[in-house]
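Each residue of the sequence shown is one higher than the one before, starting from 63 at the first, in our numbering.
Take a look at the structure below.
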Amino acid sequence: MRQIKFAAMAMMAAALMISGCTTHNNVDTTKTTAIQPAGKDVTTSDLAQGKAQFRDANYGLAEAHFRKAVELKADSAEAWMGLAASYDELGRFDFADRAYGQLLKVAGRKPQIVNNMGYSQLLRGNKKKARALLLEAKAGMTDPTVVDANLALLNKG
């Protein structure tokens with residue numbers, strides 16, 4: 063009796079093993095390359111997400127989105143500005159300097175950029191360099207309200 067049970071179990075195990083080996087023939091191999099990608103621009107999405115995270119003071123998440131945006135579109139001045147500002151807020155001034163360098167290559171030396179560079183120096187405690195950059199930015203702006211606020215911060219500390 064024991065031998066019959068053992069033989070039956072052995073046959074069942076063999077049947078399962080064999081059937082397990084043949085299931086790959088039932089795999090759906092339909093090509094899916096005809097499915098179109100999502101319609102939204104990933105760069106724009108990351109740029110918008112970066113701005114939203116920055117506004118919410120989630121600088122690490124902002125940095126990740128801005129970094130992805132510049133990786134996808136290296137000539138996006140807005141993404142480089144956001145990335146540099148995020149690095150400033152994270153205290154990663156070495157990376158901020160690199161991002162500002164790329165930003166200057168992409169957009170040129172504009173007053174808004176120079177203002178942010180001055181604020182970056184202010185965050186580092188480099189008052190002399192911050193003042194020079196902020197005064198340069200102020201000279202080129204029609205509305206120097208933001209620069210004046212940064213200069214007030216500089217004069218406070």
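Beta carbons: idealized from backbone N, C-alpha and C, even for Gly.
All figures in this text were calculated on a predicted structure; none of them were measured in a lab.
In its own chain, which residues sit with a C-beta less than 8 Å from the C-beta of residue i, not counting the 5 before and 5 after it?
i: L109; result: H127, F128, A131, S138, E140, A141 and G144
i: L166; result: I175
Based on Cα-Cα distance, which residue from the options lies nearest to residue i?
i: L216; options: S182, T204, E151 and D205; result: S182
i: R171; options: L185, G112, A114 and L196; result: L196
i: E133; options: Q164, K200, T207 and Q115; result: Q164
i: A136; options: A214, V168 and A124; result: V168
i: D118; options: T207, R160 and E151; result: E151
Note down, in chain order, each residue of its chain lying with its Cβ closer than 6 Å to the Cβ of residue i, except the 5 sequence neighbours on either side.
i: Q98; result: Below a pLDDT of 50, predicted positions are generally treated as unreliable, and Q98, at 48, falls in that range; no measurement from the model is reported.
i: L184; result: A192 and L216
i: E198; result: V176
i: Q111; result: H127
i: E125; result: S148
i: P206; result: K200
i: R160; result: none
The alpha helix (DSSP H) with residue i in it runs from where to where?
i: S182; result: P173 to R186
i: N217; result: T207 to K218
i: K190; result: K189 to G202
i: K130; result: Y121 to L134
i: D118; result: Looking at the DSSP string, D118 is not in any alpha helix (DSSP H), and its letter there is neither H nor E.
i: D159; result: F155 to A169
i: S148; result: A139 to L152
Since residue i and residue j are thought to touch, with beta carbons under 8 Å apart, how far apart are those beta carbons, to the nearest angstrom?
i: Y162; j: A146; result: 5 Å
i: N177; j: N212; result: 7 Å
Return the chain-ordered list of same chain residues with a C-beta closer than 7 Å to the C-beta of residue i, the five sequence neighbours on each side being excluded.
i: M203; result: P173 and V209
i: Q115; result: L123, A124 and H127
i: T106; result: none
i: R186; result: F155
i: K113; result: G144
i: G220; result: Absent from the structure is residue 220, since the part of the chain shown begins at 63 and ends at 219.
Original post:
Contact between the stretch 192-206 and the stretch 144-164: three or more CB pairs below 8 Å?
Top reply: Not touching, per the Cβ criterion.
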